[in-house]
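Under full-length UniProt numbering, the first residue of the sequence shown is numbered 1, with each subsequent residue one higher.
From the three backbone atoms N, C-alpha and C, an ideal C-beta is built for every residue, glycine too.
Before any comments, here is the structure.
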Amino acid sequence: MRFLKIQHTVFVDDSRDLTEAEYHRLLDAAKRKKDSRLYHVMLAICTTGIRVSELSFLTVEALHKGKAEIRMKGKIRTILLTKELCRKLNAYAKEKGIRTGYLFCTRTGKPLDRSNICHDMKKLCRAARVNPEKVFPHNLRHLFAKCYYAIKKNLAYLADILGHASVDTTRIYVAMGTREHERTLQRMHLIS
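Encoded structure:
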């Protein structure tokens, strides 16, 4: 008996990938609904690539340093916060009266969890004209990875930023969609 080796997927299903345009429509919908916390949570995840479970490391103190130190599973990873992101998050903290500690927490002061954020994001889908199946916090992380890779083209470096132990995991994040793959094939101009 011989076993078949199955090659990993070369491209991903477009119906699951969140586009930059859809992300911006979600941000706009959060603004229109005056959901400042959700707007800034989505902004923070998508501009840093952090996991939802790492949001608790985004503190007022981290903003002052311009970086967040993620300490999990015995490892430390530094996430740089751009000046523009710090400016927006500082304005948010001021608006909410947050002087120290967590930027994003529940009414009881506990860090937000995945279900809180996912539930709130799903409420934006209709207003943002985005398929609800594409809208979940981890997809913001995937969008960060795709955008970063499009500029930097360094899978190993991106794996470090995302906190992946293996570039194989990161490769999944940056796999191109079927439409993008088709456009690339068209640009090759190999059919005469």
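At which residues does the beta strand (DSSP E) containing E69 begin and terminate? Residue mapping note: residue 69 aligns to position 69 of the sequence shown, counting from 1. Segment 67–72, the beta strand (DSSP E) holding E69.
Spell out the partners DSSP gives I79 in its beta bridges. As a working mapping, residue 79 is identified with position 79 in the sequence shown. A68, per the DSSP bridge assignment.
Would you mind working out which of E61, R77, N90 sits nearest R51, comparing C-alpha positions? Along the sequence shown, one-based indexing puts residue 51 at 51. Among E61, R77, N90, the Cα nearest to that of R51 is on R77.
Taking all protein chains shown into account, decide if L48 is buried (16 or more other Cβ within 10 angstroms of its Cβ) or exposed. Stepping through the sequence shown from its first residue, residue 48 is reached at position 48. The sequence shown places Thr at residue 48, not Leu. The residue is buried, with at least 16 neighbouring Cβ atoms inside 10 Å.
Mind checking whether V60 and G101 have CB atoms under 8 Å apart? The residue given as residue 60 occupies position 60 in the sequence shown. The residue given as residue 101 occupies position 101 in the sequence shown. Yes, these two residues count as a Cβ contact at 8 Å.
Taking the alpha-carbon of L85 as reference, which of V130, L158, Y39 has the nearest alpha-carbon? Reading the sequence shown from its first residue, position 85 is the one you call residue 85. Selection V130, L158, Y39 evaluated against L85 yields Y39 as nearest (Cα-Cα).
Report, in whole angstroms, the separation of the C-beta atoms of L63 and L81, which I expect to be a contact under 8 Å. For the purposes of this step, residue 63 is identified with residue 63 of the sequence shown, where counting begins at 1. For the purposes of this step, residue 81 is identified with residue 81 of the sequence shown, where counting begins at 1. The beta-carbon separation of L63 and L81, rounded to 7 Å, stays under the 8 Å limit for a contact.
For the alpha helix (DSSP H) that contains H40, what are its first and last residues? On the sequence shown, position 40 is the one that residue 40 refers to. That run of the alpha helix (DSSP H) goes 36–48.
Can at least three beta-carbon pairs, one atom from the stretch 148–159 and one from the stretch 118–135, be found at a separation below 8 Å? Because the criterion of three Cβ pairs below 8 Å is not met, the stretch 148–159 and the stretch 118–135 do not touch.
Sequence-distant residues of its chain with Cβ nearer than 8 Å to D13 (five each side left out): One-based indexing of the sequence shown puts residue 13 at position 13. Annotation for D13: G177, T178 place their beta carbon closer than 8 Å to its own, counting only its chain and skipping 5 residues before and after.
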